[in-house]
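Step one of this worksheet: look at the structure below.
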Ligand code: REY
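Residue numbers (my numbering): 1 to 412.
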């Protein structure tokens with residue numbers, strides 16, 4: 001069963017947004033779509049969102065949920081279980097592990113350090129962390145845009161999903177341990193030459209934060225982001241293994257099939273500043289709205305964050321920020337996250353006024369990952385268009401859209 005609520009900030013809000021809906025515009029593949037303010041978007045399609053969640057459940061997710069914050073109007077839908085043992089239903093206020101959505105938080109801290117004159121994007125990482133990396137040409141910008149060529153050690157760590165997970169569930173790694181795992185392999189490309197998503201980049205980013213501030217990333221996230229934005233459901237508790245407070249349990253399917261593994265409790269030490277934040281749908285929406293509205297960095301650094309490296313024909317990667325181009329000609333900005341038992345999508349409009357966070361409490365399930373991506377279509381594009389042209393656009397987009405984490409292994 002899907003439970004859903006829509007809270008209206010203004011009685012006329014939903015009517016006005018649908019009246020102002022802009023016609024879909026075709027744009028060249030791989031380019032940012034025309035900037036569309038939240039007020040010009042079609043109204044979120046609650047029936048479409050509901051269908052997406054039920055499809056995710058049919059594909060094996062124990063639970064799925066989505067929260068849309070649309071300029072004061074809130075849409076909340078959830079389906080299935082937070083806890084398969086007690087049968088407690090998932091709710092949109094349950095906490096969860098956000099995985100690589102953490103990378104955007106890490107990027108914000110770095111860009112604030114740039115604003116403070118303590119860090120330069122085009123300076124060699126080795127000038128801040130002498131001797132750390134094997135090539136002095138790797139810059140801070142290369143890390144943040146996944147163009148360093150640093151090998152992603154998680155390819156090997158999680159080649160076998162459940163055994164790989166159980167081997168690190170309770171481990172505590174230093175950042176240096178993780179960098180050493182990466183450096184056991186050659187660079188995947190010359191610095192700057194190609195986009196290649198790698199957790200190693202944001203582990204080094206965590207080292208930079210600690211070196212330049214003299215504080216833990218936990219303290220920096222708290223002081224610079226969690227406290228100012230009043231993100232009271234957001235935390236970074238590495239290496240504690242529990243999620244404090246009411247939360248969605250995470251469920252990991254083994255590669256060979258069989259019973260789901262409860263993966264809720266883990267240190268997430270394998271990811272740290274690349275993926276260990278715990279949060280909620282409301283807090284992630286608040287975070288991305290504030291970021292795109294310019295409340296967390298200078299306008300200059302927000303512009304740097306949105307210098308896009310092409311990922312594929314419908315996605316770009318900026319600095320710790322993803323762009324996805326939707327079928328209705330709207331681009332949205334945010335990040336995806338995969339950590340064992342949790343798939344997250346958190347994206348916002350260009351002006352930050354419509355934000356969407358969706359979660360399924362499973363992972364290692366490509367069907368669920370693809371399905372949950374469709375929450376963005378329903379939330380930002382509204383009801384699907386029914387013309388033949390619109391139908392063919394959607395079909396092409398769905399074929400081309402894939403998640404690019406795990407380029408080397410089938411991680412999704
Ligand atoms: C690691 C494996 C995924 C996930 C990853 N996540 O790098 C970062 C991100 C933080 O980008 C795991 N897959 C799963 C496997 C595949 O183990 N053999 O799906 O839970 O979010």
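Every residue gets a Cβ at the ideal spot worked out from N, C-alpha and C, and that includes glycine. Since this is a predicted model, take the numbers as computed values, not measurements.
query: What residue ranges within the segment 259-315 form continuous alpha helix (DSSP H) runs of no fewer than 4 residues, ordered along the chain?
result: 281-292, 299-305
message: Given this structure, state the Cα-to-Cα distance separating residue 371 from residue 55, to the nearest angstrom.
response: Your numbering for residue 371 matches position 371 in the chain shown. Your numbering for residue 55 matches position 55 in the chain shown. Looking at the two C-alpha atoms, the distance is approximately 7 Å.
message: Can you tell me where the beta strand (DSSP E) holding residue 237 begins and where it ends?
response: Numbered from 1 along the chain shown, position 237 holds the residue referred to as residue 237. Segment: none, residue 237 is in no beta strand (DSSP E) and carries neither H nor E.
Contacts around residue 113, its chain only, beta-carbon distance under 7 Å, and the 5 residues preceding and following it disregarded: Here the question's residue 113 lines up with position 113 in the chain shown. Closer than 7 Å at Cβ, skipping near neighbours: 119, 212.
- prompt: Quick one: is residue 228 buried, meaning 16 or more other Cβ sit within 10 Å of its Cβ, or exposed?
  reply: What you label residue 228 is simply residue 228 of the chain shown in a count that begins at 1. Residue 228 should be labelled exposed.
field: contact_flag[the segment 57-68, the segment 349-366] where n(CB pairs < 8 Å) is 3 or more
entry: They touch, by the three-pair rule.
- prompt: Closest Cβ-Cβ distance between residue 313 and chain C: below 8 Å?
  reply: The question asks about chain C, but that chain is absent: this structure has only one protein chain.
query: Does the Cβ-Cβ distance between residue 348 and residue 302 come in under 8 Å?
result: Translated into the one-based positions of the chain shown, residue 348 becomes position 348. Translated into the one-based positions of the chain shown, residue 302 becomes position 302. Residue 348 places its beta carbon 8 Å or farther from that of residue 302.
Close beta carbons around residue 326, own chain, < 7 Å, minus the five adjacent residues each side: Position 326 of the chain shown, counting from 1, holds the residue named residue 326. Counting only residues of its own chain and dropping the five nearest sequence neighbours on each side, residue 326 has a CB closer than 7 Å to the CB of 332, 376, 377, 380, 381.
- request: Quick one: give me the first and last residue of the beta strand (DSSP E) that residue 339 is part of.
  value: On the chain shown, residue 339 is found 339 positions in, with the first residue counted as 1. Note, residue 339: beta strand (DSSP E), 331-339.
Cβ-heavy atom distance, residue 296 to the ligand REY, below 7 Å: For the purposes of this step, residue 296 is identified with residue 296 of the chain shown, where counting begins at 1. Flag unset: Cβ of residue 296 not near the ligand REY.
Those runs of the beta strand (DSSP E) which lie wholly inside the segment 43-93 and span at least 3 residues: 63-70, 73-80
- prompt: What do you get for residue 103, buried or exposed, if any count of 16 or more other CB atoms within 10 angstroms of its CB means buried?
  reply: As a working mapping, residue 103 is identified with position 103 in the chain shown. So residue 103 counts as buried.
message: Taking the alpha carbon of residue 125 as the reference point, which residue from 247, 206, 68 has its own alpha carbon closest?
response: As a position in the chain shown, residue 125 is number 125, starting the count at 1. With distances taken between Cα atoms, residue 125 lies closest to 206.
- request: Counting only the same chain and skipping the five closest in sequence on each side, list residues whose C-beta sits under 7 Å from that of residue 122.
  value: Start at 1 with the first residue of the chain shown, and residue 122 comes out as number 122. Excluding sequence neighbours, residue 122 sits near 139, 141.
query: Any contact of the segment 89-109 with the segment 338-348, i.e. 3+ C-beta pairs under 8 Å?
result: yes
- request: Could you check what DSSP says for residue 27 in three-state terms: helix, strand or coil?
  value: Translated into positions along the chain shown, residue 27 becomes position 27. Annotation note: pLDDT 44 at residue 27 (below 50); position unreliable, no value reported.
Paired residues, beta bridge with residue 194 - DSSP: Residue mapping note: residue 194 aligns to position 194 of the chain shown, counting from 1. Beta-bridge pairing links residue 194 to no other residue.
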